[in-house]
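In what follows, a structure is listed as structure tokens, so that the remarks can point back to it.
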Ligand SMILES: [Fe+2]
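Numbering (this note's numbering), first residue to last: 17 to 418.
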């Protein structure tokens, strides 16, 4: 690998433009803006540097790019040359119409790994799609207690859903996602409110995308929770987006309310045990070796906790399997909520020509904001179901934390 921290890099790297909510201590390594990159003239050595820098910094922002869907696919593909299909597989599958992801995606016909997402009706033909109708997800369709119409009129919004881009069934979570802003309507700042009994809130750009580092999320945990995190494997529900399609989210978008609205497993589309995803709670960064706390809280179904070999462990020292959903969610929320506090959030303020490449196995992200039907917004999104599953803590990590 190229040592991208030397002065011999192909490109310039500077910190991402964080807002005043952010505590710089959490952004020393998290996020870089890349200057000098031209997707039409990329060499393999340059891509190797980009791959390396992405794993070190989790988010790379490129400004003023012209990027074709083919170039976007090739850039995404460079992170996982053996991966070729979109992260959710063939999203036209007829039997998953009840999935909560279904309405949000339009596949670009000549580059089917790239999706058009956004808001409003697009005039004319865009990349082979005839007048596509797009819809930005609104939290009132998902949260149990949405903000009032009056507050919304005053610009109050929520994190829609904190997540990892992943099918979480049969397919492996994509290594990276690339998001390219084609058309961005301008608008006023909004207030993203947590509404979870805290007074936490953020000033955010209209339709901004929020990111938090899974490494920060792990690093700020107290020792007893680090021990629990490195010993835990998260089992996801089969077809999790169908399973959860009637459930409501918490006001922070960080997981679901436990109201018993999940589908019974026998009512789901056909599934098999061997395709159920059981993934470590902490994923090891392939370049830095750091642990990133990576759980998609909405899809989590059970927690499998290994015993601790330390005499000082206080949480489940004997190990356990937790299958009570309310308890599963309580534990996950306790572990994950500190990591989405305002000082840890980066909100991308999109401008046309922005490309964000993010380490999908190293952070969580969420859309925010609400658009009116006449506000047309277009993004190209690409990620690829990975050629392998993420790797968990190694023996040294277990010795250090468990
Ligand atoms: Fe996403």
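The beta-carbon is built from N, C-alpha and C at its ideal position, and this holds for glycine as well.
The DSSP assignment places 230-235, 239-247, 256-259 as complete runs of the alpha helix (DSSP H) inside the stretch 230-284, in order along the chain (cut-off: 4 residues). For ligand 1, residues qualifying as neighbours are 179, 181, 381, where qualification means a beta carbon closer than 6 Å to at least one of its heavy atoms (chain order). Residue 389 has its alpha-carbon roughly 18 Å from the corresponding atom of residue 176. If you compare the alpha carbons of 162, 408, 293 with that of residue 300, the shortest gap goes to 408. Looking only at 296, 358, 153, the smallest Cα-Cα distance to residue 393 is reached by 153. Straight through space, the alpha carbons of residue 387 and residue 78 are spaced by roughly 25 Å. Taken through DSSP and simplified to helix, strand or coil, residue 134 comes out as strand.
Secondary-structure assignment with DSSP links residue 215 through no beta bridge to anything.
Between residue 306 and residue 231, the alpha-carbon positions lie close to 7 Å from each other. With 16 or more other CB atoms across the displayed protein chains lying within 10 angstroms of its CB, residue 47 is buried.
The beta carbon of residue 358 lies closer than 6 Å to those of 37, 216, 218 in the same chain, with the five residues before and after it left out. Straight through space, the alpha carbons of residue 181 and residue 298 are spaced by roughly 16 Å. Here the alpha carbons of residue 246 and residue 321 stand approximately 9 Å from one another. Contact between residue 68 and residue 193 is ruled out by a C-beta separation of about 18 Å, above the 8 Å threshold. In this structure, 254 is the residue among 385, 254, 415 with its C-alpha nearest to the C-alpha of residue 280.
A residue is called buried once 16 or more other Cβ atoms fall within 10 Å of its Cβ, and residue 88 is buried on that count. Taken atom to atom, the span from the alpha-carbon of residue 171 to that of residue 222 is near 9 Å. Residue 399 is bridged by DSSP to 193. The C-alpha of residue 353 lies about 23 Å from the C-alpha of residue 262. Within 10 angstroms of the beta-carbon of residue 137 lie fewer than 16 other beta-carbons, which makes it exposed. Counting of Cβ neighbours within 10 angstroms places residue 308 among the buried residues, the total reaching 16 or more. Sixteen is the threshold: since fewer than 16 other Cβ atoms of the shown chains lie within 10 Å of the Cβ of residue 339, the residue is exposed. Rounded to the nearest whole angstrom, the CA to CA distance from residue 337 to residue 344 is 10 Å. Between residue 360 and residue 42, the gap from beta carbon to beta carbon is short of 8 Å. Spanning the alpha carbons of residue 355 and residue 410 requires a straight line of approximately 23 Å. The bridge partners DSSP lists for residue 146 are 141. Excluding sequence positions up to five before and after residue 71, its CB lies within less than 7 Å of the CB of 301, 302, 303, 304, 375, all in the same chain and listed in chain order. In the DSSP annotation of this structure, the continuous segment of the beta strand (DSSP E) that includes residue 76 starts and ends at 75-78. Separation of the CB atoms of residue 103 and residue 197 is rounded to 19 Å, and the pair is thereby denied contact status at 8 Å.
The DSSP assignment places complete alpha helix (DSSP H) segments of no fewer than 4 residues inside the stretch 328-406 at 341-352, in order along the chain. About 35 Å separates the beta carbon of residue 186 from that of residue 82, a gap too long to meet the 8 Å contact definition.
The stretch 311-325 makes contact with the stretch 265-278; the number of CB pairs closer than 8 Å reaches 3 or more.
DSSP, read as helix, strand or coil, puts residue 88 in helix.
Bounds of any alpha helix (DSSP H) do not take in residue 51; it lies within the beta strand (DSSP E) bounded by 48-51.
Close CB contacts of residue 189 within its chain, under the 7 Å cut and outside five residues either way in sequence, are with 180, 182, 376, 377, 402, 406 (chain order). With fewer than 16 other CB atoms across the displayed protein chains lying within 10 angstroms of its CB, residue 100 is exposed.
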